[in-house]
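Below you'll find the structure, written out as structure tokens, and then a few comments.
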Amino acid sequence: MPATAEAPTLPLRVRIGIAITSASATIALVYAVIRVVQAVFYPEGDPALVVWSPRAAMFWRFWIGVYIGGGIGLGAYALATRAPLHAARWTYVLVWASVIAITSQGILVP
Amino acid sequence: MIDPLRILERVHGNLGWLSALALLHPAWLLRRRERRARLACILATTLVTLAGALGAYLYPDYRVMLKQDIFLHAPGIGWSFERKEHLGLGAIVLAWAGLASHLAALRTKERPIRHLLARTSHLAYVAAAGLALITGVLGILVASYSSF
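Chains B and Y supply the protein sequences, listed in that same order.
First residue of the first sequence? That's 10 in our numbering, and the numbers climb one at a time after it.
First residue of the second sequence? That's 4 in our numbering, and the numbers climb one at a time after it.
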């Protein structure tokens, strides 16, 4: 994809850096959203009554975050190629969203 | 004989606190946009990742051996552990976001993009350090109540 007139094409390592930043932020964001959805729509049994369960929800939330974060990272890489400034701005916004989501979920919806 | 899980738990706790303190370093240094802090970022991110990996290794044994008992007798402590795991994961992935954006910022000459990436990196490390510190405090709270 050719770079737009907005800014020249970024070096490969910068585009990869933007992609990894977006992917990492997405993991926390997705993790928090899934946890809240689970708590609201699919509440678990009382942990005091559950002896054991075969699957740890925390790992599943993380790996779903990695899966979706990978896709978002690819999208961020493509955006960084076409419109670098927009990519950098959106990455900043995404990290803010991620910080707010994981902090509020972690405290309010354990 | 000392349970190996008990030793690993202690290592995990100490690594967690070390990484929380290490994350404060880039969080402080990167408040200036032009600051280069590659080594501080790499070391802090590596430490918090190692602490998290060890925690993930211990987690299945925690679920089998400790979780139900903690929730039966002190649900508040049990929920503190749950909070700790969420916030700890946040600290790790945000540290990675901070490292990636800092390294990217160092590699670009485009001033607006470099500044945006530097702000992103600073934000990510400040948040990672804050989350890691809260995680450390909650970890002490849980470990002082129950242990392997």
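Cβ coordinates follow ideal geometry from the N, Cα and C atoms, glycine included.
Counting C-beta atoms within 10 angstroms of its own C-beta, B:A37 has 16 or more neighbours from the protein chains shown and is therefore classed as buried. By the rule that beta-carbons nearer than 8 Å mark a contact, B:T90 does not touch chain Y. Taking CB atoms only, B:P20 has a neighbour in chain Y less than 8 Å away. Residue contact with chain Y for B:Y40: present (Cβ-Cβ distance below 8 Å to some residue of chain Y). Across the set B:P20, B:L58, B:G26, the C-alpha of B:G26 shows the shortest separation from the C-alpha of Y:S104.
B:Y51 sits in coil when the DSSP states are folded into three classes, being neither helix nor strand.
When only Cα atoms are considered, Y:Y128 and Y:G81 end up about 28 Å apart.
DSSP places Y:P7 inside the alpha helix (DSSP H), whose first and last residues are 7-32. With fewer than 16 neighbouring CB atoms inside 10 Å of its own CB, Y:A56 falls in the exposed class.
The beta-carbon of B:I43 is placed no less than 8 Å from the nearest beta-carbon of chain Y. Chain B has no Cβ within less than 8 Å of the Cβ of Y:A30. Within the region 77-99 of chain Y, contact with chain B at the beta-carbon level (separation under 7 Å) is assigned to P78, G81, W82, E85, R86, E88, H89, L90, L92, G93, V96, L97, W99. DSSP, reduced to helix, strand and coil, places B:F71 within a helical segment of the structure shown.
Under the Cβ criterion of 8 Å, B:Q47 is not counted among the residues facing chain Y. Here DSSP, grouped into helix, strand and coil, assigns B:V118 to coil. Cβ atoms of Y:I95 and Y:V51 come within 8 Å of each other, at about 5 Å.
The beta-carbon distance between B:Y101 and Y:T123, rounded to whole angstroms, is 5 Å. This is short enough to meet the 8 Å contact definition.
Chain order gives the chain Y residues near B:W105 as L126, where near means a beta carbon separation below 8 Å.
Nearest C-alpha to Y:L119 among B:V118, B:A96, B:I109, B:L83: B:A96. Counting C-beta atoms within 10 angstroms of its own C-beta, B:E53 has fewer than 16 neighbours from the protein chains shown and is therefore classed as exposed. Only those residues of the region 66-100 of chain B whose C-beta falls short of 7 Å from the nearest C-beta of chain Y are listed: M67, F71, P93, L94, A97, R98, T100. Counting only the Cα atoms, B:S107 lies some 23 Å from Y:L46. With contacts defined as CB atoms closer than 8 Å, Y:S149 and Y:L69 qualify as a contacting pair.
In this chain, the alpha helix (DSSP H) harbouring Y:W82 covers 78-110.
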